[in-house]
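Residue numbering for the sequence shown follows this note's numbering, beginning at 5 and increasing consecutively.
Glycine included, each C-beta is placed from N, C-alpha and C at the ideal position.
Remember, it's a predicted structure, so these values are computed and weren't measured experimentally.
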Amino acid sequence: MKRAICLAGGGPAAGLHIGVLEGLKNCGITFDNKDDVWALSCIGAWVGVVYNQAESEKSDGKLNETYNFFRGVFRDDRSFDSFPTNTIFAPDWFGNAEALLDFMLEPQNYRKAFLPTKLLESFAYTMKAINRRVKSGDLFDEGDFNRWTLNHVLAVNPAVRFLTAMIYKSSVDGLAKLYYPDSTFLRKINFRNLYSEDKPYLFHNAWNLSSQELRLFSNKRGKFDDKGRPYKPITAGSLCACSALPYIEQTVEIEGDIYCEGALVDTVNFKDLLKDHPELDEIWISRIVDADQVRAPNNLHDSLANLCELFAATVGEDDIKLFKHHVMCGEIDEEDSESRDRWKGTIIEIPVNSDINFEWSHSNLERGRTNGAIAAEQAYKLYKGKEKDPNKPLVVGAVSREQRMQQIREQRISAGRARPSAR
């Protein structure tokens, strides 16, 4: 039996991936054979790489090593409450200082900051607005006041203009930098272990901003893209590049090209999975993020997480629907008509658990691990209950969103009943 496991992106939901691997192992499903395939993106690539480079030869040991690695990435709950970030997204202090210094040494930036005409126009506008308001007796509306402050106080003030431009226009493209090749954190990952002959085939994606195309990175040779170019090797740089979400994490330069995350272009490389591996019997998909996980934000931390994950959730859901549709229609490769009806294997989608949040906290990691294992066991039961026609592909889908929402409501009602009453 040749299997593929697809681990998608989802940042703080990484615990679900670990739980899925654990739950499937408990059901007798593993992906440790050299003929197995790991199709990865973003945090899924980190989980896949860390698991497969582990020193332990047994699945239990690999899972424990993977969990312990990510426990070091996530922050303990007490610390996270007042410092809500993970342990590896550190500011690039030296890079930021150099970028700010370059900005300050450019004379043109000072000229752009001082606009006498705009100052006079804003002063005239303010006087007219005040006179008009006094005569009419109307006070400034809150929205009007905020926009006046933005456009006629801050936007025309030379000092504010200079500082704002320095923050947003300096050559810094992310709040944090992850790729430090010689850092202790990256040296914990033994990339050489990925290239042993007995290892499964791993590949992950990243978006090449220089050439505007998706590029794939793998731990084995022999696969080529549509242009006949071999896939690049998986390295510390490629792993950081595949999770370099713009604004959150700085982009990564590889061989002169600039890369960022590719998951929002192709969730887990569905386009090339069956093209490169038509011999697969089963494809297991762990998506980990869903729109149901996005809730009303209470603060900027929640809002930023929602911004990232909402797009990842909806794009991932649509990608999987399209992939299953093409497989059922026999359209493995739309550009190659001869490839139709070749693949007759099984696709199993792991249900996405909504009972997590997007916090980089230990409790969220542990909750994800527990819930991921439960979801995997649910998927396995559905998979075992289906009868397979050897002449047709089989899709074992996750429960519908309506069913998931009903399960969530029942869980919350049950939890409310179990909660001790206040005294």
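Secondary structure of residue i, DSSP reduced to three states
i, result
"T350", "strand"
"I3", "Because the chain is modelled from 5 through 427, residue 3 falls outside the range shown and cannot be assessed."
"K116", "helix"
"C46", "helix"
"V319", "helix"
"V356", "coil"
"N310", "helix"
"S126", "helix"
"L167", "helix"
"P162", "helix"
"N361", "coil"
"G15", "helix"
"K227", "coil"
"P111", "helix"
Chain B within 8 Å of residue i, Cβ atoms only
i, result
"K173", "Absent from the structure is chain B; it holds one protein chain and no more."
Where the alpha helix (DSSP H) containing residue i begins and where it ends
i, result
"C2", "The structure shown does not extend to residue 2, since the chain is modelled only from 5 to 427, so the question has no answer here."
"A18", "A18 to N30"
"L369", "H366 to G389"
"E69", "S63 to V77"
"D294", "Per DSSP, D294 belongs to no alpha helix (DSSP H) and is neither H nor E."
"E102", "W97 to M108"
"R7", "No alpha helix (DSSP H) holds R7; the beta strand (DSSP E) holding it covers R7 to L11."
Among the options, the one whose alpha carbon lies nearest that of residue i
i, options, result
"P375", "K6, H21, P16 and D186", "Strictly speaking, residue 375 in this sequence is Asn, with Pro absent from that position. Minimum Cα distance to N375 is reached at H21."
"D96", "Y251, N357 and R82", "Y251"
"L182", "F327, I33 and C246", "C246"
"V54", "A169, N209, L243 and S187", "L243"
"D467", "I134, D323, C333 and H281", "There is simply no residue 467 to check, as the chain begins at 5 and stops at 427 in what is shown."
"G52", "S83, L308, G19 and G178", "G19"
"F178", "K279, A248 and K328", "Reading off the sequence shown, one finds Gly at residue 178, where the question assumed Phe. For G178, the nearest C-alpha among the options comes from A248."
"A383", "E265, R151 and N357", "N357"
"L206", "S45, E381, E391 and E370", "S45"
"A380", "I352, G389, N303 and N395", "I352"
"S175", "V157, A128, M108 and D186", "M108"
"A58", "A49, G48 and T70", "T70"
"P301", "A309, A295 and A169", "A309"
"P88", "A377, P16, F228 and R233", "P16"
"D36", "I47, L67 and G48", "L67"
"E110", "M170, D64 and F73", "M170"
"E265", "I287, D359 and L218", "L218"
"G27", "N197, W288, V256 and K325", "W288"
"A377", "M5, E125, C31 and R7", "C31"
"S200", "R137, E61, G389 and G372", "E61"
"G65", "D85, V41, G99 and K29", "K29"
"D261", "D285, A210, L277 and R291", "A210"
"F195", "A43, P237, D230 and T168", "P237"
"F127", "S140, T350 and N155", "N155"
Delimiting residues of the beta strand (DSSP E) encompassing residue i
i, result
"E253", "Y251 to E253"
"F84", "That residue, F84, is in no beta strand (DSSP E); its alpha helix (DSSP H) goes D81 to S86."
"L154", "Careful: L154 lies outside any beta strand (DSSP E) and carries neither H nor E."
"F144", "Element bounds for F144: n/a, residue is neither H nor E."
"V399", "L398 to V400"
"E217", "E217 to S222"
Inset, instruction - Tell me, please, whether the region 6-15 touches the region 271-287 by the rule of three or more beta-carbon pairs shorter than 8 Å. - result: They touch, by the three-pair rule.
Inset, instruction - Tell me, please, whether the region 78-96 touches the region 346-366 by the rule of three or more beta-carbon pairs shorter than 8 Å. - result: By the criterion of at least three beta-carbon pairs nearer than 8 Å, the region 78-96 is in contact with the region 346-366.
Legend entry - Entirely enclosed beta strand (DSSP E) segments - the region 176-206, minimum 3 residues: Listed in chain order, the complete beta strand (DSSP E) runs (minimum 3 residues) inside the region 176-206 are 178-180.
Inset, instruction - Write down every uninterrupted run of the alpha helix (DSSP H) in the region 255-293 whose length is 4 residues or greater and which is fully enclosed by it, in chain order. - result: For the region 255-293, whole alpha helix (DSSP H) runs of length 4 or above, ordered along the chain, are 274-280.
Inset, instruction - Kindly confirm or deny that the region 160-169 and the region 110-117 touch, where touching means at least three C-beta pairs closer than 8 Å. - result: When C-beta atoms of the region 160-169 are compared with those of the region 110-117, three or more pairs fall below 8 Å, so the two segments count as touching.
Legend entry - At least 3 beta-carbon pairs within less than 8 Å: the region 191-209 vs the region 219-235: Here the region 191-209 lies against the region 219-235, with 3 or more beta-carbon pairs under 8 Å apart.
Legend entry - Any 3 or more C-beta pairs closer than 8 Å across the region 283-297 and the region 312-320: Counting C-beta pairs with one atom in each stretch, the region 283-297 and the region 312-320 have three or more that are closer than 8 Å, which means they touch.
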